[in-house]
Amino acid sequence: MDKLIILLPATPLLSALLITLLADRARHRIARLSVGFSVLTFLLAAASLAFYLTEGQPQWVAFAPGWGSLYLDPLTSVMSLMVAGISLVVHVYSVRYMAEEPGYARFYILLDLMATAILLMVAAGDLVTLLVAWHLIGVLLYFLLGQDAARPAAQRYAFWTFLTYRLGDLPLVLAAVLLYETYGTAALPTLFERIAAAPDALTVAGIPVLTVVALLVALAAFARSAQFPLHTWLPYTMEGPTPVSALMHAGIVNAGGFIINRFAPVFVHAGGVLHLVFAVGLVTAILGSILMLTQNDIKKSLGYSTMGQMGFMFVECGVGAFSLAIYHLIAHGLFKGTLFLGAGSVIGNARKHDGVPHDDVYTFVVERKPLAPRLPWVLAAVITVVVPLLVLGASRWLMGGDSVGEQGGIILLFFGWVTGAQLLFATYRLRVDSPWRMMVMIILSLIIVVAGYTLIEHGFDLFLYPDRELSERIYAAASIPLATFEVLVMILTAAIVVGWIATYYAAANGRAHRSSDASPLRLAFYSLISREFYVADVYAWLTQATLGLSRRLNVWSRWV
Amino acid sequence: MTLLLIASLFLPLFPLSIVLNGTLTTLRHPAARGAVLLLWPQLGIGLLQIAQHAIPPYFVPWALLTSGLYALRLLTVRDMGRWAGFLATSGLALTWALAAAGADRVDLHLFAFWFSLPHALMALLAYPLTRRFGAAYAGLQGGLIGHLPRLSGVLAVTALAAVATPPFPGFFGLLHVLQVLDWAGAVAVLAIWLIWGWAATKLMQGFIFGAERMESDADIGRVSTLAFAGMLGVFIAAGLYSTGGGL
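Those sequence lines, one after another, are chains A and B. Per our numbering, the first sequence starts with residue 1, numbered consecutively. Per our numbering, the second sequence starts with residue 561, numbered consecutively.
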């Protein structure tokens, strides 16, 4: 078992070393070698998960007295399998995709090193190993994104990514130093035991040390997972090769959710920080979704979609549903990886068929088809509001009533309701031949998705957090005062109702599709979105100001 | 106190850092620069031991200011020899934080070595660049990775080692410094580390990436590549061994 854990990150490392030595060989041999090692890594990850399921006990393996250890627990085993799986797909995809590109061997070396670093991160058994792996991912990503050395855009955005990642590295280093200074150990299992034994050990400037540590870890997670306002690098990483985009959006960007789960025993004592995580996640999810809708480039749109999804992942962490965040990141990784790798085909198809639905006038006059009917408005509104609530409530009830009593569970139900309502709302606006059939199909899909999601999340929670007390304490830490909670729920409900009324009003006045009468406020909002909230401009200005200061300092002190 | 001030010439503090940087500018041969970068701080630590004098509290903020100043200046320096000198000044100034916290002699010597070896290698790497292009100047020739992949690889890895990227030993030295500093000091050191990383990417973009502007030239030989790679490999192994990890 010990050897298996060590072999997991060592296998891609060995592949990278072999390719370095055989870099002069034919391209297909290099690719074959790397893919072969990737298959082996995937099998090892699957075996480690199987071993964990058989033995059922976490294992900590140290290979040095100071630091350098690996830790196999449910989180590690699940994440390793996911990382190894996505890495394998990306390796296979790159064989032909990168075949005509310069630096083929270099690309595979970097890809293998990246797999090593990510596997080391998810399996790190102590703070220093975690820091080393965490930093290496940022460095390797810089070189992978800048694979096309001659493209200035690729270099520019690789640099932005590197700088944001390095910015996020700093709080994690501070958190590690603080934990080590306070609890006298770097080994994660021992550290978590000591935290449980003495959660109020010290304070930093009057703030409990665990609150400070949780805040620092959350900041590191924000930068790694593109949370607002540290998101600007993510949509532009499309300048890198497509396989790297897929690897990044499917795996690397999820590290924020992973690190929060890894430090769950710290977050149990930092409810305030979980609220911050929730707020940042919510803002990111909303802004990411808005920006996604306004893009006309499929890859950039997918980039902002990832940002929104990462926001949802942090919302889940913020309400205490840590295991759900891990399930979400795995599900998102799989579908986003597929979307990226398929983006080329979509672009190819779009060149043949634009896929834009014709408007009502075109359908009626040119195609000579009658306008498709719609469901009665009031009935649609009732279905939109009631059906998701019934589906979600029934699913939760089937899984056992406890989680419904938790605020996190209610918030997630609420989000599910909003999402379901949005889906049905979109269906209502579609003009289809058989609206009743469409509505029934959508409701059936909703039931399958929600029931499946709830079932898997429940199983996932039992697997990742077998210590039920810890899971319940996370939910408790994430809870907010009841009055605040009820006000928030009312505000969100009111927002949905107002949205419906506004839609009805617009439809009744025939303004749903008219764009000529855009108000100045709307135009200002659109220009704000089109400039991506000016965040990147602020960073660019700060960068230029720092470089200007550096130049002036060099002139002033040229003799010293 | 006099001995401490003399030590400040070797573990450079602004404006006494003029001596180290002036010496590096005067020396034309990269090997000589490399030797100075390796030996200079070890002399300073030797002087510190001889001085046997408690380090006044203002030396630590002075060292942090020096380190920050040179890190900032590093961002717009394009000559590689000078870049290595500025980075060395920024990194070695941090030795004072460890010395003020009472770190023992071996730790101080090792800390200075972890920082100065990659700087010395950077200074050495200026030689093959100067020989091929007349100057080791970032932005003068771009896209070296296209026709000089070995030199580019060695340059990239050495630059990463020089800015204390893990798993190079400088990173563990930096962790040691963070442990002995207070909150404000630790944040300052991390900010300096961030700027080093930024400067390293700027340097790499000036040499390694970008459009190729020169005709193809002979890359460095396999033996030289292996020598550099081997040295960096041993450097990592030594760092891991001394910090208690991995080996």
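The beta-carbon is built from N, C-alpha and C at its ideal position, and this holds for glycine as well. A quick note: this is a predicted structure, and the numbers were derived from the prediction, not measured.
Residue burial classification, residue i (beta-carbon count within 10 angstroms, cutoff 16)
| i | result |
| --- | --- |
| K299/A | buried |
| N562/A | In the structure as shown, chain A begins at 1 and stops at 560. Residue 562/A is therefore absent and cannot be evaluated. |
| Q544/A | exposed |
| Q59/A | buried |
| Q57/A | exposed |
| Q701/B | buried |
| G206/A | exposed |
| F335/A | exposed |
| G405/A | Its pLDDT being 48, under 50, G405/A is placed unreliably by the model, and the measurement read from it follows with that caveat. Classification of G405/A: exposed, given that the 10 Å Cβ count is below 16. |
| D126/A | buried |
| T54/A | exposed |
| D73/A | buried |
| S403/A | Residue placement at S403/A cannot be trusted, given a pLDDT of 47 that sits under 50; the coordinates are not used to answer. |
Proximity test, Cβ basis, 8 Å: residue i and chain A
| i | result |
| --- | --- |
| S577/B | yes |
| W643/B | no |
| I566/B | no |
| F671/B | no |
| P729/B | no |
| V637/B | yes |
| L580/B | no |
| P726/B | yes |
| L807/B | Summary for L807/B: the model assigns pLDDT 48, below 50, so the residue's position carries little reliability; its value from the coordinates is reported in the next sentence. It does: the Cβ of L807/B has a partner Cβ on chain A nearer than 8 Å. |
| T648/B | First, the amino acid is wrong: residue 648/B is Ala here, not Thr. It does not; no Cβ of chain A falls within 8 Å. |
| G739/B | Correcting the residue identity first, residue 739/B is Gln in this sequence and not Gly. With 8 Å as the cut-off, Q739/B counts as an interface residue toward chain A. |
| G745/B | no |
Delimiting residues of the alpha helix (DSSP H) encompassing residue i
| i | result |
| --- | --- |
| A787/B | 782-803 |
| Y108/A | 104-123 |
| Q544/A | 535-556 |
| W656/B | 655-660 |
| H231/A | It is not in any alpha helix (DSSP H) - H231/A carries neither H nor E in the DSSP assignment. |
| M439/A | 435-464 |
| E101/A | Looking at the DSSP string, E101/A is not in any alpha helix (DSSP H), and its letter there is neither H nor E. |
| F693/B | 665-693 |
| S245/A | 242-250 |
| Q765/B | 743-767 |
| W559/A | It is not in any alpha helix (DSSP H) - W559/A carries neither H nor E in the DSSP assignment. |
| Q739/B | 729-740 |
| F574/B | Neither: F574/B is in no alpha helix (DSSP H) and is coded neither H nor E. |
Cβ-Cβ distance between residue i and residue j below 8 Å
| i | j | result |
| --- | --- | --- |
| V90/A | A343/A | no |
| W160/A | W233/A | yes |
| A724/B | L763/B | no |
| L598/B | L677/B | yes |
| S755/B | A614/B | With the sequence shown as reference, residue 755/B is identified as Ile, and Ser is not the correct amino acid for it. Going by C-beta atoms, I755/B is not nearer than 8 Å to A614/B. |
| G804/B | A221/A | no |
| S323/A | Y465/A | yes |
| S225/A | M310/A | yes |
| L215/A | V266/A | no |
| L704/B | I780/B | no |
| W674/B | V620/B | no |
| S38/A | S87/A | yes |
| L734/B | V714/B | no |
| G766/B | G699/B | yes |
Residue i: first and last residue of the uninterrupted beta strand (DSSP E) it sits in
| i | result |
| --- | --- |
| L652/B | Segment 640-652 is the alpha helix (DSSP H) holding L652/B; no beta strand (DSSP E) there. |
| Y71/A | 69-72 |
| W60/A | 59-62 |
Cβ-Cβ separation, residue j to residue i (assumed contact under 8 Å), whole Å
| i | j | result |
| --- | --- | --- |
| F228/A | Y327/A | No, F228/A and Y327/A are not in contact; Cβ-Cβ is about 23 Å, not under 8 Å. |
| A648/B | H679/B | 4 Å |
| F278/A | G318/A | 2 Å |
| N711/B | G594/B | Sequence inspection shows Leu at residue 711/B; the Asn mentioned does not correspond to that position. Actually they do not touch by this definition, with Cβ atoms about 17 Å apart. |
| I752/B | S568/B | So it is not a contact: roughly 18 Å between Cβ atoms. |
| G625/B | F570/B | Here residue 625/B turns out to be Leu, not Gly, going by the sequence shown. The Cβ separation is near 18 Å, so there is no contact. |
Min CB distance residue i to chain B below 8 Å
| i | result |
| --- | --- |
| A26/A | no |
| H135/A | yes |
| S289/A | no |
| Q155/A | yes |
| F162/A | yes |
| S403/A | Only weak support is given to the placement of S403/A: the predicted model assigns it a pLDDT of 47, under 50, and the value that follows is read from those uncertain coordinates. No, no contact with chain B. |
| T546/A | yes |
Near the ligand ZN: residue i beta-carbon under 7 Å from a heavy atom
| i | result |
| --- | --- |
| A686/B | Ligands displayed in this structure: none; no statement on the ligand ZN is therefore possible. |
Report task. For the stretch 61-79 of chain A, enumerate the residues whose C-beta is nearer than 7 Å to any C-beta of chain D, in chain order. Result -> The chain labelled as chain D is not found among the protein chains of the depicted structure, namely A and B.
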